[in-house]
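What follows is a set of notes on a single structure, which appears directly below.
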Amino acid sequence: MNTWDNNPVLKVEHLTMRFGGLTAINDLSFNVGRGDITALIGPNGAGKTTVFNCITGFYKPTEGRLVMNRSSDEKHLLERMSDFKITADAKVARTFQNIRLFGGMTILENLMVAQHNRLMIASNWTIGGLLGLGGYRKSNLDAIETARYWLERIELIDRADAPAADLSYGDQRRLEIARAMCTGPELLCLDEPAAGLNPKESLELNNLLQYIRKEHDTSVVLIEHDMSVVMEISDHVVVLDYGVKISDGTPEFVKNDPHVIAAYLGVEDGEVELVEEEVGL
Amino acid sequence: MDYFLQQLINGVTLGSIYGLIAIGYTMVYGIIGMINFAHGDIFMVGSFIALILIVALGITAATPVLLLILALALVLVVAMALTAVWGWTVERIAYRPLRGSFRLAPLITAIGASIALQNFVQVSQGAKNKPLQPLFSGGFQLTDGGADGSGIVVNLSYIQILIVVTTVILMGSFTYLINNTNLGRSQRACEQDRKMASLLGVNVDRTISLTFVMGASLASVAGLMFLLYYGVIDFYIGFLAGVKAFTAAVLGGIGSLPGAMLGGLLIGLIETFWSGYFSVEYKDVAAFSILAIVLIFMPEGLLGQPEVEKV
Amino acid sequence: MQARQRDSLLVASLKDSLGAAVITFALAVVMVGLRVDVASGRGAELFLENRWLAVAVAVVVVFAGRFAMNIFFWKRDDPPSLNFSGLLPEGGIGERSSKAIKYGLLVLAVVLPFALMFWLGARGSRQYIDLAILVLTYVMLGWGLNIVVGLAGLLDLGYVAFYAVGAYSYALLAHYFGLSFWLCLPLAGILAAFWGIILGFPVLRLRGDYLAIVTLAFGEIIRVVLLNWYEFTGGPNGLSGIPRPSFFGLEFTRGEGGFANFFGLDYSSIHRIIFLYYLIFALALFTNFVTMRLRRMPIGRAWEALREDEIACRALGINTTTTKLTAFALGAMFAGFAGSFFATRQGFISPESFTFLESAIILAIVVLGGLGSQIGVVIAAIVMIGGFELFREFDQYRMLVFGMIMVVIMVWKPRGLISSRTPSVALSKNVKGISADLVQEGRG
């Protein structure tokens, strides 16, 4: 029995998303295992980012349920929550396909903003902090420590006070992941984290994701096009095509699934062997 | 019922004027995404130019009808041309140097240009109201108020007909211009993606300039109509008319020409009906409240395209 | 390589200047050349005066000026489009000098009334202290609006509405309930903040220019209501006889029990003016203190993050609605304080004082100073308001010049006079400011 059916952190049940007449996702169900790295793959326009937007509350699903099982045994129905509550209460964090950093703020500030909710409570919703009461000062130092920890982890500690917009593309990607981690998530959703990275950066990303999973008890879902990344780091792969799940299993299983090969090659299922022969697979 | 009909006629007339101004807002907003705050004042300048030309040509109510129409047509054409130069100049001085810069900067220069235009006219033409004796009198009586005189006489004056007809003609020709000419195509291309348009050989600066020129000349038409309808103007008429016309543009769906016209009509109707049935003092409150309500519940306006939030 | 042969510098300059002259002629021929006026005595008949000379002068000046610029300054055969960047010095005010300016201005502000008194005597200094009070009022309003526009990136064109709420709150509370200024000051702030929340709640999800236009509409609605609700607000006549503030219970009056009497001074009306000066100075400093402190707190960082990227904020679990509302309410509160100060200083208020122009001026001060920059607001307020008042003799031209200056400064420095952002928290000691090119301006 695999983790995703045994101990799921997120259950996606019969998810359907329609935009006007267009059905972007149709009756999609899959589980994300606790502590797994789950990859969501599929050809362009398969609806992967739409799934992410439903999970993180940016879209309201037309139908279906999204159940988040916190490690504390709390359950959250994500489709009923507003986007910021999903991060704040259900502990789901995300990154974006087109990186969304606070470019005019420093790298450290980016990580401080991510700890907003904790600091707001510590500052008694600003009033205590303004008057210098309570443990705000200490919490603030703790938050800086957390930020420092992640900056060391992603090797950007020397540039902590530089504006985020000044970073290279690969550094921005890692900073966005670190920022999402600063919200203290139990499920981390990464939208194409390896896009545009060179092989060295790609390797660093793999290490970072492995580290996050191991040291922080965070499950990871990622959308990825780079198959080498997917096959290497993921425990579980879900394949989408035209908003429908066509395969679901271990990387080994998915790799050999004729439906997947057909979808990627763009042919009907029955013709796969024929085409494979032609291209010499 | 008769009272209602009269308000309807008045509302449509006022709405035509707002619609003409609103087109300038909607075109400029469509193409460069800014509220051209000075547009209301361009309308005011257009109105003044028309007034001065009317006085200079010696047009009065005594002029024979045919001559009067011809002279007004001349005034219209010259005022459109001269006001267009004003619109062009404002764009050239206050907006073009800021193209591609920071979004708030052109908003501030627009407010600055608006203040400057108002005060320029105050200095050059004086602060006093300028009343113009009505050039057209009379019209059709649609109802006679009943045999015993208890009803209300509903008038459709010639000037109201003139305003609505001119508006419809101009609207038609501008819609044709935008939909069927090269200029219109360039304009729509710039609205979609200015950088790509310029890569494909569209002269973006010229297209934007022409947009201001067209907006300004339509505003001057509205200025002339306003002058003929109300018979009095001053240097401050641009602000309120401008805000209401912008409201109209937003109501109709910003970026859409038929939307601007529809929005103008609605604002004109709301204002006249509110004044007719509730209170004159609060007519502006009615117009602004409608704006707030529309924006809150239907930010894309009546005929605009919804903005999809990309994540 | 240019395929087409270019004109020589002289010919190109001539053509360009001629073009400019033609444009000037078209602009001026009717609007300057002719003046329409109402004839006195002959009913409401209109007549024209002509001023062809003025048109000719304008055309010649533009032609010669543009020609000279082309030949001696731009020296290019493709004349640049009109912008002022070549004419005015480059570069903004650096961080070090901005710090120096900050402390310099602070010291100046503290000693100003006494220095003026020493210099010009009680009678001569009064108008300057009055001007300083006016400038400080705008500084405070600018700082308040800076929270909304500069930090949170929400464009508010109806800020004056909250100023009006503050002013009318004090005037009405004093009028109907006889409450004192010191009690009304916080009440006015709270009421303004309350209005900020009421108005802000439905509209804060709008973006950019829509928010701007709705706030403008709300500003106008409040003004129209004040203008027409005769029974309550006095309509266009306004409210007069608003009580003056006391100095810890001491009134600024002649004779027994007054301020002068208590401190054994000779009575002089300048005492109250100086007191008002320090009052607004303290209020402004309070605004600045709170803002600067909030910037270093989670709420302040959330405001700035909101300005940078609202969607990312939501993905980080920040409640953007309440975050925007706090910015809006806080900005409104400071406007409310400033409003009640205005009411007590003037002793008379009417809707006249709360037109859209006021909102525009306050916004211009914030943007010209450099969004988010506190010292920038001070400099812009001194330049705009101080400069404006000093040209009192040129009464009718001064608004014209004011509008043109707004355009020129903005074209010269689109990011404002002080355009770098100081990080709110840093690991290292020596932190550089962030260039304004990287800082977003907000979509809301």
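Chains as they are written, first to last, in the numbering used here: chain A, 1 to 281; chain B, 282 to 592; chain C, 593 to 1036. By construction, the Cβ of each residue, glycine as well, lies at the ideal position given by its N, Cα and C atoms. All values reported here derive from a predicted model rather than from experimental measurement.
Is the separation between the beta-carbon of Arg-815(C) and that of Thr-729(C) shorter than 8 angstroms?
No, Cβ-Cβ distance for Arg-815(C) and Thr-729(C) is not below 8 angstroms.
Hey, quick one: how far does the beta strand (DSSP E) through Val-628(C) stretch, first residue to last?
In the DSSP annotation of this structure, the continuous segment of the beta strand (DSSP E) that includes Val-628(C) starts and ends at 626-630.
With DSSP collapsed to three states, give me the class of Ile-433(B).
In the three-state DSSP reduction, Ile-433(B) falls in the coil class, being neither helix nor strand.
Just the Cα atoms here: how many angstroms apart are Leu-737(C) and Ile-974(C)?
Spanning the two alpha carbons is a distance of roughly 16 angstroms.
Below 9 angstroms on C-beta distance, what does Ile-304(B) contact in chain C?
The contacting residues do not exist; Ile-304(B) stays about 17 angstroms from chain C at best.
Taking Glu-224(A) as the reference, give the member of Thr-250(A), Asp-89(A), Val-239(A) with the closest Cα.
For the residues Thr-250(A), Asp-89(A), Val-239(A), the minimum Cα distance to Glu-224(A) belongs to Val-239(A).
Reducing DSSP to helix, strand and coil, say where Leu-674(C) ends up.
Note on Leu-674(C): pLDDT 48, under 50, position unreliable in the model; no value is reported.
Outcome for Ser-632(C) when other beta-carbon atoms lying within 10 angstroms are tallied against a minimum of 16:
Under this definition Ser-632(C) is an exposed residue.
What do you reckon, are the CB atoms on Thr-87(A) and Ala-907(C) nearer than 8 angstroms?
Yes.
So Leu-187(A) is in the beta strand (DSSP E); what residue range does that whole segment cover?
Looking at the DSSP string, the run of the beta strand (DSSP E) that includes Leu-187(A) is 187-191.
Using 8 angstroms as the limit for Cβ to Cβ distance, is Asp-801(C) near chain A?
Asp-801(C) does not count as touching chain A.
Using Cβ-Cβ distances below 9 angstroms, what residues of the region 107-127 of chain A are close to chain C?
Only Leu-108, Glu-109, Asn-110, Met-112, Val-113, Ala-114, Gln-115, His-116, Asn-117, Arg-118, Leu-119, Met-120, Ala-122, Ser-123, Trp-125, Thr-126 from the region 107-127 of chain A bring a Cβ to less than 9 angstroms from some Cβ of chain C.
Could you check how far apart the C-beta atoms of Ala-270(B) and Gly-544(B) are, in whole angstroms? I think they sit under 8 angstroms.
One cannot answer for residue 270(B) here, as it falls past the ends of chain B, which runs 282 to 592.
Exposed or buried, His-14(A), counting other C-beta atoms within 10 Å across all chains shown (16 or more means buried)?
So His-14(A) counts as exposed.
Beta-carbon proximity list for Ile-212(A), same chain, < 6 angstroms, skipping 5 on both sides:
In its chain, beyond the 5 residues on either side, Thr-218 have a beta carbon closer than 6 angstroms to the beta carbon of Ile-212(A).
Reduced DSSP category for Gly-827(C) - H, G, I as helix; E, B as strand; rest coil
DSSP places Gly-827(C) in helix when its eight states are reduced to three.
Are Val-624(C) and Ala-646(C) closer than 8 angstroms when you measure CB to CB?
Going by C-beta atoms, Val-624(C) is nearer than 8 angstroms to Ala-646(C).
Which listed residue (Leu-777(C), Glu-823(C), Ser-605(C)) has its alpha carbon closest to that of Leu-875(C):
Looking at Leu-777(C), Glu-823(C), Ser-605(C), the one whose alpha-carbon comes closest to that of Leu-875(C) is Leu-777(C).
Which of the residues in the region 135-169 of chain A, read from start to end, lie with their CB under 9 angstroms from any CB of chain C?
In summary, the residues of the region 135-169 of chain A whose CB is separated from some CB of chain C by less than 9 angstroms are Tyr-136, Asn-140, Ala-143, Ile-144, Ala-147, Arg-148, Leu-151, Ile-157, Ala-160, Asp-161, Ala-162, Pro-163, Ala-164, Ala-165, Asp-166, in the order they occur in the chain.
Through-space distance from Lys-694(C) to Tyr-755(C), alpha-carbon basis:
Tyr-755(C) and Lys-694(C): Cα-Cα distance of roughly 26 angstroms.
Interfacial residues, the region 958-971 of chain C to chain B, with Cβ spacing under 8 angstroms
Listed in sequence order: Val-959, Leu-960, Leu-963.
Between Ser-932(C) and the ligand ATP, is the CB less than 7 angstroms from at least one heavy atom?
In terms of ligand content, the structure shown is empty, and the ligand ATP therefore cannot be addressed.
Helix, strand or coil for Asp-565(B) per DSSP?
The three-state secondary structure of Asp-565(B), taken from DSSP, is helix.
Collapsed DSSP secondary structure at Gln-719(C) in the structure displayed:
Helix.
Give the residues of chain C in contact with Asp-83(A), contact being defined as C-beta atoms less than 8 angstroms apart.
Correct list: Arg-906, Ala-907.
For Tyr-562(C), would you say it is in contact with chain B, using Cβ-to-Cβ distances shorter than 8 angstroms as the test?
Chain C is shown from 593 up to 1036; residue 562(C) falls before or after that span and cannot be answered.
First and last residue of the beta strand (DSSP E) that includes Asp-27(A)?
Counting along the chain, the beta strand (DSSP E) containing Asp-27(A) begins and ends at 22-33.
What is the C-beta distance between Thr-56(A) and Arg-94(A), in whole angstroms, given that I count them as a contact (C-beta under 8 angstroms)?
For Thr-56(A) against Arg-94(A), the beta-carbon gap comes to about 5 angstroms, under 8 angstroms, which counts as contact.
Quick one, are the C-beta atoms of Phe-839(C) and Phe-873(C) less than 8 angstroms apart?
Cβ distance not < 8 angstroms, so Phe-839(C) and Phe-873(C) don't count as in contact.
Among residues of its own chain, excluding the 5 on either side of Tyr-310(B), which ones have a beta-carbon nearer than 8 angstroms to its beta-carbon?
Hits under 8 angstroms: Ile-316, Asn-317, Ala-530, Ile-535, Gly-536.
Element boundaries [alpha helix (DSSP H), containing Pro-778(C)]
Per DSSP, Pro-778(C) belongs to the alpha helix (DSSP H) from 773-795.
Measure the beta-carbon distance from Val-566(B) to Val-817(C) and round it to whole angstroms, keeping in mind my assumption that it falls under 8 angstroms.
A Cβ-Cβ separation of about 7 angstroms places Val-566(B) in contact with Val-817(C) under the 8 angstroms criterion.
Taking 8 angstroms as the threshold (beta carbon to beta carbon), is Thr-50(A) in contact with chain C?
Chain C places no beta carbon closer than 8 angstroms to that of Thr-50(A), leaving this residue out of the contacts.
Below 9 angstroms between beta carbons is the criterion; list the residues of the region 878-891 of chain C that meet it against any residue of chain A, in chain order.
Listed by position along the chain: Val-882, Arg-885, Leu-886, Arg-888, Met-889, Pro-890, Ile-891.
Which residues, in chain order, does the region 548-567 of chain B contribute to contact with chain C at a C-beta distance below 7 angstroms?
Cβ contacts with chain C come from Glu-562, Tyr-563, Asp-565, Val-566.
So what does DSSP say about Asn-463(B), is it helix, strand or coil?
Asn-463(B) sits in a helix when the DSSP states are folded into three classes.
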